[in-house]
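If you read the protein sequences in the order shown, they are chains A and B.
As numbered in my numbering, residues 9 to 510 make up the first sequence, in order.
As numbered in my numbering, residues 6 to 473 make up the second sequence, in order.
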Amino acid sequence: MTQKEIHNQRLVKEAEEAMIRMHTRRHFLKECAMGFGGLALGSLLQSCSLGAGKPAAVDFDPAHPLAPKLPMFPGKAKSVIYLHMAGAPSQLEMFDYKPELMKLDGQDCPPSLLEGKRFAFIRGVPKMLGPQAKFAQYGQSGAWVSEHLPHFSKIVDEISFLKACSSDQFNHAPAQLLMQTGGARLGRPSIGSWVTYGLGTENQNLPGFVVLTSGGKFPDAGKSVWGSGFLPSVYQGVQCRSEGDPVLFIKDPAGMDRDLRKASIDAINKVNEEEYKEYNDPEILSRISQYEMAYKMQIAAPEVMNINNEPQYIHDLYGTKPGKAALANNILLARKLVEKGVRFVQIFDWGWDSHGTDASLAIDIGFINKCREVDRAMTALILDLKQRGLLEETLVVWGGEFGRTPMMENREGKQNPFKGRDHHVEAFTMWMAGGGIRKGVTYGETDEIGYSAISGKVTPHDIQATLLNQLGFDHEKFTYQYQGRPFRLTDVSGKVIEEIIT
Amino acid sequence: MLLTVTEFIGRFHPVLVHLPIGILLIGILLQWLSAYPKYNVSEPVIKIVLLIGTFSAILSCITGFLLSGSGDYDDDLVSWHMWMGIGVAAASLLFMQRILVKKNDMVTKATSISLLMLIILTGHLGGSLTHGSDYLTASLEPISDTLPKRKPIANIQEANVYNDVIQPVLQTKCYSCHSARRQKGGLRMDDPQLLMKGGKDGEIILAGKSDQSEMVKRLLLPREDEHHMPPKAKPQVNERELALIHWWIDQGADFTKKVKDLPQPEKLKPVLLALQSNHLQPKAPATVPAASVEKGDENAIRALREAGVVVVPVAQESNYLQANFVTAPNLTDEQVNLLLPLKKQLVWLKLSDTKISDKALATISGCTNLTLLYLNNTAITDKGLALLNGLHNLQVLSLVGTKVTAAGVSQLDSLKKLQSLYLYGTGIGKEDTALLRKRFSKALIDIGGYSIPFLESDTTRLSKPQVK
Chain A
9 MTQKEIHNQR LVKEAEEAMI RMHTRRHFLK ECAMGFGGLA LGSLLQSCSL
59 GAGKPAAVDF DPAHPLAPKL PMFPGKAKSV IYLHMAGAPS QLEMFDYKPE
109 LMKLDGQDCP PSLLEGKRFA FIRGVPKMLG PQAKFAQYGQ SGAWVSEHLP
159 HFSKIVDEIS FLKACSSDQF NHAPAQLLMQ TGGARLGRPS IGSWVTYGLG
209 TENQNLPGFV VLTSGGKFPD AGKSVWGSGF LPSVYQGVQC RSEGDPVLFI
259 KDPAGMDRDL RKASIDAINK VNEEEYKEYN DPEILSRISQ YEMAYKMQIA
309 APEVMNINNE PQYIHDLYGT KPGKAALANN ILLARKLVEK GVRFVQIFDW
359 GWDSHGTDAS LAIDIGFINK CREVDRAMTA LILDLKQRGL LEETLVVWGG
409 EFGRTPMMEN REGKQNPFKG RDHHVEAFTM WMAGGGIRKG VTYGETDEIG
459 YSAISGKVTP HDIQATLLNQ LGFDHEKFTY QYQGRPFRLT DVSGKVIEEI
509 IT
Chain B
6 MLLTVTEFIG RFHPVLVHLP IGILLIGILL QWLSAYPKYN VSEPVIKIVL
56 LIGTFSAILS CITGFLLSGS GDYDDDLVSW HMWMGIGVAA ASLLFMQRIL
106 VKKNDMVTKA TSISLLMLII LTGHLGGSLT HGSDYLTASL EPISDTLPKR
156 KPIANIQEAN VYNDVIQPVL QTKCYSCHSA RRQKGGLRMD DPQLLMKGGK
206 DGEIILAGKS DQSEMVKRLL LPREDEHHMP PKAKPQVNER ELALIHWWID
256 QGADFTKKVK DLPQPEKLKP VLLALQSNHL QPKAPATVPA ASVEKGDENA
306 IRALREAGVV VVPVAQESNY LQANFVTAPN LTDEQVNLLL PLKKQLVWLK
356 LSDTKISDKA LATISGCTNL TLLYLNNTAI TDKGLALLNG LHNLQVLSLV
406 GTKVTAAGVS QLDSLKKLQS LYLYGTGIGK EDTALLRKRF SKALIDIGGY
456 SIPFLESDTT RLSKPQVK
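Take a look at the structure:
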């Protein structure tokens, strides 16, 4: 026996002894004493706390974490499609028409707009940049839309515009986190996680919270924008694809048939059940249900997530591009998923960060291309949901994480090679439609140059509060107990935007 | 008989209780004052006062006990009141004993103080029993809660600018501190003359000059400012109300004119219009009935769930149910019968993409509380559709991708509450919509088939700025 073998043997023996020690009588008593003591203390402390006796807002059944659950009051919306244009589109070339800004085009920015303000890239005194698009009013509601959105302008009477959105984060990642999780720092659950935690999902063969990203690219804040934070991990978004396998590794590997797959999942679940009996960790039950869902998804997901079996008419409507992970394909897929009972579909598009540092980020080149990509697809989404009766119950939200400045960006005080705008938190436009949102409403107003809100200002928390309200939740009561205090999606603020809901 | 006599005696309790309160208080007071030679009262007087007080306390206890038997009162409160009352009697006995033995030590003092406390507490509890537990503090509640509801304004232009537009704002946001009941800062706002007169610091409204009016200045101060009105913790004046006040003062702060008599800036028009009762965009009618319903049959719910149907109440604390067959696409007409025991509870039903036919509609026609019904892509026909005429509460009906025709749909003329009718992918074309619009004048009829014109810009991409 070599020295090494002896050493290994000793290690194994040591591990075995440690294992046995875990189950000694003394250990049992010690654990019990702590356990009983802890239990007693827990119930004592609970009787002191103010929240004692209040029923939890949401029941959590770890064995069926995604089973359909009840909202606090009957919601107008059953599902949500959230179109997040990562990078932050310019409101001044899409919806917020500012003729006065045109008059200031090329002039130095007045100091009153710069004093005490901070920008991501603008330094010194930038020049003002007039709207780089022609505008007109459309529909009975007379909503202003730019020439870059020729299709969307035809359906403005279905939409509620929020013209005075604001944020307090001027960098992409924190602003995206604030918009999607209610907090600018990491660690909070995303809107979709809160919603699936509160409502579960209707189709147990599909994920409840699906994430689709254009070209498979991640937003700046990474996967945290669809993370589950402190909620049980089963509520995090499941990233899917509109091309190839809808979920990675969903196919059985070569040489493994479905029976064998079932047998192995059964075996794994049995081991997990034993584990659960020993440790009582609810996450183990969630894991078991996840395995079962994955098995069912193998059949259901490829069928639902295959957009190729849609008729040509639908492809023409959306302008889908076969075989691409394009925005239009994802938007069509979102409609299909919602139709099949998926609760929350989160779409991320990218490339909207129009600084003017290169042609693709120029407000008069790349930005227009982005508008062309989204215009047809988002218009088609509204029309297609509408004709299927789904817009009644599907809330569609569109927007970026902030807006863009009325000033032309001058990175590090120097003129950028192309026309561009810097990040701007004080005013930008978002829109909502369907799911009990009023039609043809424009709420909020910005000043003459679109710099800041003068009425109807809303924050990310207001938007989140409204979203939850449409699903049947009072955002102030919809909480999760964590680290000794209840947490909300809307943190400590947020007001439902009554003006845009029916 | 006995019971009625005891209750009759019991009813003297509300009168008798005032005796021990008054007499024992006098006794305690006299005893305390006896420490000062100037106010010293002869001992026998104190003794006799305490004797009568104690006697009346015991009598109150007895009558109170008899009265409590009537069961008209909150049990919990009565029990507290009773034990406190007995406590008063006991404490007064003890107090009297201390006086009789001529001891004026710490024990006697402590007894007198506890007796005083007990009298106050018992009296308060008794008051709560007769007048209600919120009687004492009701006058501190905001006045707006007690104000009568105003009549809706039919036509805002004909409305009185002060009475109908401005006063309601003052009433809800200012009167709680500045009206007949309270006049903080010497200001009363519930009377036009007094409103214009202002408070102890002078006028608050300068007609025609809103910017110089103290009232507007106060409203505009930051909420944290101690002079801001309404005070930080009170309901605030919102943007629209502020705009109305501005406008009213700028137009001369008139109390008699109608809205139409005053010039209305463009921006104010929507604000004014919003006050009009019929303008409020009609709130979408509730899709869940207001009346409550008994719990649905557990067995029926379980049977449906086992068949793969999603059946859940529409909300917490509601017994109304929603059912979705999205994960049960192979269910047929027979299984739809499982819904029957729940016909009263079902309000939202989705049978899209299932194998049901007209037969199932016979079952569904019994679910008369249905407000939303989705039958997309099923084999139903006009024949079955006629059965749905009894669904009087139906608001949304989706027949997308079915074989129904315009004639079939127009049979549904008794669905008076119908709001939306979805007919995309049926045989119904544009030429039929006129007929249907007439038949369902209040409903949105969507035959779908939308197309988006093809533009060159949809597929081309710019590589340099467009030359205009």
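C-beta: ideal position from N, C-alpha, C; glycine also.
It should be emphasised that the depicted structure is a prediction, and the values quoted were computed from it without experimental measurement.
Contact check, residue i vs residue j, beta carbons under 8 Å
i                  : j                  : result
Met-101 of chain B : Leu-123 of chain B : no
Gly-448 of chain A : Lys-465 of chain A : no
Pro-76 of chain A  : Val-315 of chain B : yes
Ile-509 of chain A : Thr-467 of chain A : no
Leu-347 of chain B : Leu-326 of chain B : yes
Tyr-379 of chain B : Ser-403 of chain B : yes
Glu-512 of chain A : Ile-292 of chain A : Residue 512 of chain A cannot be examined here, being either before or after the span of chain A that is shown, 9 to 510.
Ser-61 of chain B  : Leu-120 of chain B : no
Tyr-146 of chain A : Ser-168 of chain A : no
Ala-333 of chain B : Thr-368 of chain B : no
Ser-174 of chain A : Ala-336 of chain A : no
Thr-68 of chain B  : Leu-21 of chain B  : yes
Thr-204 of chain A : Phe-352 of chain A : yes
Ala-101 of chain A : Glu-456 of chain A : Per the sequence shown, residue 101 of chain A should be read as Glu rather than Ala. No, Cβ-Cβ distance for Glu-101 of chain A and Glu-456 of chain A is not below 8 Å.
Gly-190 of chain A : Asp-470 of chain A : no
Phe-540 of chain A : Tyr-243 of chain A : The question about residue 540 of chain A has no answer, for chain A in this structure spans 9 to 510.
Ile-385 of chain B : Val-414 of chain B : no
Through-space distance from residue j to residue i, alpha-carbon basis
i                  : j                  : result
Asp-203 of chain B : Ala-248 of chain B : The sequence shown places Gly at residue 203 of chain B, not Asp. Cα-Cα distance, rounded: 21 Å.
Leu-441 of chain B : Tyr-321 of chain A : 25 Å
Met-93 of chain A  : Ala-271 of chain A : 43 Å
Leu-224 of chain B : Ala-370 of chain A : 45 Å
Pro-470 of chain B : Ser-98 of chain A  : 17 Å
Leu-126 of chain B : Ala-95 of chain B  : 15 Å
Thr-292 of chain B : Arg-126 of chain A : 48 Å
Met-220 of chain B : Gln-241 of chain B : 14 Å
Tyr-287 of chain A : Asn-280 of chain A : 10 Å
Arg-380 of chain A : Asn-179 of chain A : 25 Å
Ser-181 of chain B : Ile-457 of chain B : 57 Å
Val-352 of chain B : Leu-345 of chain A : 24 Å
Ser-218 of chain B : Gly-124 of chain A : 31 Å
Arg-228 of chain B : Pro-236 of chain B : 8 Å
His-232 of chain B : Gly-190 of chain B : 11 Å
Lys-422 of chain B : Gly-442 of chain A : 20 Å
Ile-254 of chain B : Lys-265 of chain B : 16 Å
Asn-168 of chain B : Phe-260 of chain B : 8 Å
Met-187 of chain A : Asp-228 of chain A : 13 Å
Leu-285 of chain B : Ile-445 of chain A : Because Leu-285 of chain B sits at a pLDDT of 47, beneath the cut-off of 50, its placement in the model cannot be relied upon, and the following sentence gives the value as read from the coordinates. Rounded to whole angstroms, Leu-285 of chain B to Ile-445 of chain A spans 15 Å at the Cα level.
Asn-109 of chain B : Glu-12 of chain B  : 41 Å
For residue i: DSSP bridge partner residues
i                  : result
Met-438 of chain A : A:Leu-170
Ile-513 of chain A : For chain A, the structure presents residues 9 to 510; residue 513 of chain A sits outside this window and is missing.
Cys-248 of chain A : A:Leu-220
Leu-351 of chain B : B:Leu-326
Val-404 of chain A : A:Ile-89 and A:Ala-441
Asn-165 of chain B : B:Lys-263
Lys-135 of chain A : A:Asp-116
Pro-494 of chain A : A:Gln-489
**Q.** the region 472-492 of chain A touching the region 71-85 of chain A, judged by at least three CB pairs closer than 8 Å
**A.** yes
Q | At least 3 beta-carbon pairs within less than 8 Å: the region 261-272 of chain B vs the region 309-327 of chain B | A | Flag = no, the region 261-272 of chain B and the region 309-327 of chain B do not touch.
Q | Members of the region 358-383 of chain A near chain B, C-beta cut-off 7 Å | A | Ala-367, Asp-372, Ile-373, Ile-376, Asn-377 and Arg-380
Q.
Counting only Cβ-Cβ distances shorter than 8 Å, please list the residues of the region 207-237 of chain A near chain B, keeping chain order.
A. Glu-210, Asn-211, Gln-212 and Asn-213
Q. Are the region 413-422 of chain A and the region 379-386 of chain A in contact at 8 Å, needing three or more beta carbon pairs?
A. Using a C-beta cut-off of 8 Å, the region 413-422 of chain A makes no contact with the region 379-386 of chain A, since fewer than three inter-stretch Cβ pairs fall below that distance.
(Q) With three or more beta-carbon pairs closer than 8 Å as the criterion, would you say the region 110-120 of chain B touches the region 156-172 of chain B? (A) no
Q) If you measure beta-carbon to beta-carbon, which residues of the region 328-339 of chain B are closer than 9 Å to chain A? A) Asn-329, Val-331 and Thr-332
(Q) Below 8 Å, how does it come out for the region 417-428 of chain B and the region 448-456 of chain B: are there three or more Cβ pairs, yes or no? (A) By the Cβ rule, the region 417-428 of chain B counts as touching the region 448-456 of chain B, because three or more pairs are nearer than 8 Å.
**Q.** Where the region 364-391 of chain B meets chain A: residues whose CB sits under 7 Å from a CB there
**A.** Tyr-379 and Asn-381
Q. Can you list, in chain order, the residues of the region 383-394 of chain A whose Cβ is nearer than 7 Å to any Cβ on chain B?
A. Arg-384, Thr-387, Ala-388, Leu-391 and Lys-394
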